[in-house]
Amino acid sequence: GRLFSQWMHHAYPLECPYPHEQGTINPQTPVEWLRETGQASTSATEEEMHAHVQSDICAIDWQGRPECEGESMELPWSMVEELLITHPAVQPVSVLAERMVGLGEGSRLRIAAVCLSAFTCLVLLGLLVP
Numbered sequence: 001g002r003l004f005s006q007w008m009h010h011a012y013p014l015e016c017p018y019p020h021e022q023g024t025i026n027p028q029t030p031v032e033w034l035r036e037t038g039q040a041s042t043s044a045t046e047e048e049m050h051a052h053v054q055s056d057i058c059a060i061d062w063q064g065r066p067e068c069e070g071e072s073m074e075l076p077w078s079m080v081e082e083l084l085i086t087h088p089a090v091q092p093v094s095v096l097a098e099r100m101v102g103l104g105e106g107s108r109l110r111i112a113a114v115c116l117s118a119f120t121c122l123v124l125l126g127l128l129v130p
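Residue numbers for the sequence shown follow the numbering used here, beginning at 1 and rising by one.
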């Protein structure tokens, strides 16, 4: 679930993305982001990158540990669990049969032709004995 993915992210931050809680972020493609923000490019200029680095308030102390003014050094952790995989409900045969009834005559003939072709191929390959 999400908690295991979160642990994996903290253990391997470059390989495993952070599993955000459902509904807390709005993922966008670069094109969507450009349209929404009005920016001309997704790339930062040298000046923008330099300003971002200069605005960092963290430093390394004499023991090699980071010191950040007013920032917590604890890992961000959320105890909200979410199962990431859902299984669709299996439809009973009667529902599939009802859908077949609603198909036009041409569609039913095409389905029958595909089934017959598949059966013939299996017989010719010796995978199925009639």
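Where a beta carbon is used, it is the ideal one built from N, C-alpha and C, also for glycine.
For clarity, every value in this text was computed on a predicted model and none was experimentally measured.
Beta-carbon proximity of Ile57 to Cys68, cut-off 8 Å: yes
Report back the beta-carbon spacing between Glu82 and Gln22 to the nearest angstrom; my notes put them in contact at under 8 Å. 6 Å
Below 8 Å CB to CB, which residues in the same chain sit around Thr42 once its five sequence neighbours on both sides are set aside? Pro30, Trp33 and Leu34
Within a Cβ cutoff of 6 Å, which residues of the same chain sit near Cys16, ignoring the five residues on either side of it in sequence? Met8 and His9
Using three-state DSSP, classify Cys132 as helix, strand or coil. Any question about residue 132 goes unanswered here, given that the chain covers just 1 to 130.
Give me whichever residues DSSP pairs with Glu74 in a beta bridge. Its beta-bridge partners do not exist; DSSP assigns none.
Sequence-distant residues of the same chain with beta carbon closer than 7 Å to Ala51, five excluded per side: none
Cys58 in three-state terms, based on DSSP: strand
What separation, rounded to the nearest whole angstrom, lies between the Cα atoms of Phe4 and Leu14? 16 Å
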